[in-house]
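Enquirer: Counting in this note's numbering, the sequence shown runs from 18 upward without gaps.
Ideal Cβ positions, reconstructed from N, Cα and C, are used throughout, including at glycine.
Remember, it's a predicted structure, so these values are computed and weren't measured experimentally.
Here it is, the structure in full.
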Amino acid sequence: RASQDCPSSELNRQTAQEIPMIKTTVPATSANLGIGYDTLGMAVSLYSHFTFERSDKLTITGCPEEFQNENNLVYVSFVDALAAWGEPAFPVAIDIQTDVPVARGLGSSSTCVVAGIMAAAALTGHTVDRAELVRIATEVEGHPDNVAPAILGGAVCSFTPTDSLPQCLRYEVSDKLRFI
């Protein structure tokens, strides 16, 4: 089923002494739709859930041990976003819970990239609009075909003109459609 959902994020702060915790949910995507190689993608109703919490050291759970380090795409995207805003990197505890299979054409890497950027914004109080989110995610991912629908929901035609920012056209997808 197509998803009209955009990623969501919650900031939970109970008191000034407590460490903020961010929960982010990002939809899976399917790209290269029809003749739209590297341009047409769609959000689907499978989701990855990420929890970020400031910490004394980097810890990552919910993924294979080989990815529980500073080279994890979620953390790399988090650090890249901070750098784009002139913010210093800091350690976080990241928990990943996902229904999106890895390396199966459903944009699992895009869910990681988008979650890292959204968490960086939330934990630093940086306001980020969807265009900036698409721009940073495209820089990390290399092309917008999966990150754009993960951010915008629905079906998205996206491309990046030479020496320019990503351009995206979003389309609603009928909830009567089912994909197998």
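1. First and last residue of the beta strand (DSSP E) that includes Glu82?
2. For the region 47-127, list the beta strand (DSSP E) runs that are entirely contained and at least 3 residues long, ordered along the chain.
3. Suppose you measure from the CA of His160 to the CA of Gln184; what does that come to, to the nearest Å?
4. What three-state label does DSSP hand Pro161 in the structure shown?
5. Measure the beta-carbon distance from Phe67 to Val96 and round it to whole angstroms, keeping in mind my assumption that it falls under 8 Å.
6. Between Leu140, Val130 and Pro166, which has its C-alpha nearest Val157's C-alpha?
7. What first and last residue would you give for the beta strand (DSSP E) that runs through Phe176?
8. Going straight from the alpha carbon of Ser191 to that of Pro44, what length do you get?
9. To the nearest angstrom, how far is the alpha carbon of Gln114 from that of Ala167?
10. Pick helix, strand or coil for Leu194, following the three-state DSSP scheme.
11. With distance defined between alpha-carbon atoms, name the residue in Arg152, Pro108 and Ala138 nearest to Asp180.
12. Contact defined as beta carbons within less than 8 Å: I believe Gly133 pairs with Ala98. What is the distance between those atoms, to the nearest angstrom?
13. Helix, strand or coil, according to DSSP, for Leu198 in the structure here?
14. Can you pull the DSSP bridge partners for Ala45?
15. Suppose the cutoff is 6 Å on Cβ atoms and the five residues either side in sequence are ignored; what does the same chain contact list for Leu182 look like?
16. Use the C-beta contact count for Arg187: other C-beta atoms within 10 angstroms, 16 or more gives buried, fewer gives exposed.
17. Whole-angstrom Cβ separation of Asp162 and Thr42, contact assumed at under 8 Å?
Expert: Short version:
1. No beta strand (DSSP E) holds Glu82; DSSP gives it neither H nor E.
2. Within the region 47-127, the complete beta strand (DSSP E) runs of at least 3 residues are 57-71, 76-78 and 109-115.
3. Between His160 and Gln184, the C-alpha separation is close to 11 Å.
4. Note: Pro161 maps to coil in three-state DSSP.
5. Contact doesn't hold; Cβ gap of about 15 Å is too wide.
6. For Val157, the nearest C-alpha among the options comes from Val130.
7. For Phe176, the enclosing beta strand (DSSP E) begins and ends at Ala172 to Phe176.
8. When rounded, the distance between both Cα atoms is 17 Å.
9. Spanning the two alpha carbons is a distance of roughly 16 Å.
10. The three-state reading of DSSP puts Leu194 in coil, since its state is none of H, G, I, E or B.
11. The shortest Cα separation from Asp180 among Arg152, Pro108 and Ala138 belongs to Arg152.
12. Contact check for Gly133 and Ala98: beta-carbon distance about 7 Å, within the 8 Å limit, so the pair qualifies.
13. Only positions 18 to 197 of the chain appear in this structure, which leaves residue 198 out of reach.
14. BP columns for Ala45 point to Val61.
15. Counting only Cβ-Cβ distances below 6 Å, and skipping sequence neighbours, we find Arg152.
16. Buried.
17. Not quite, the Cβ-Cβ distance comes to about 21 Å (not below 8 Å), so this is no contact.
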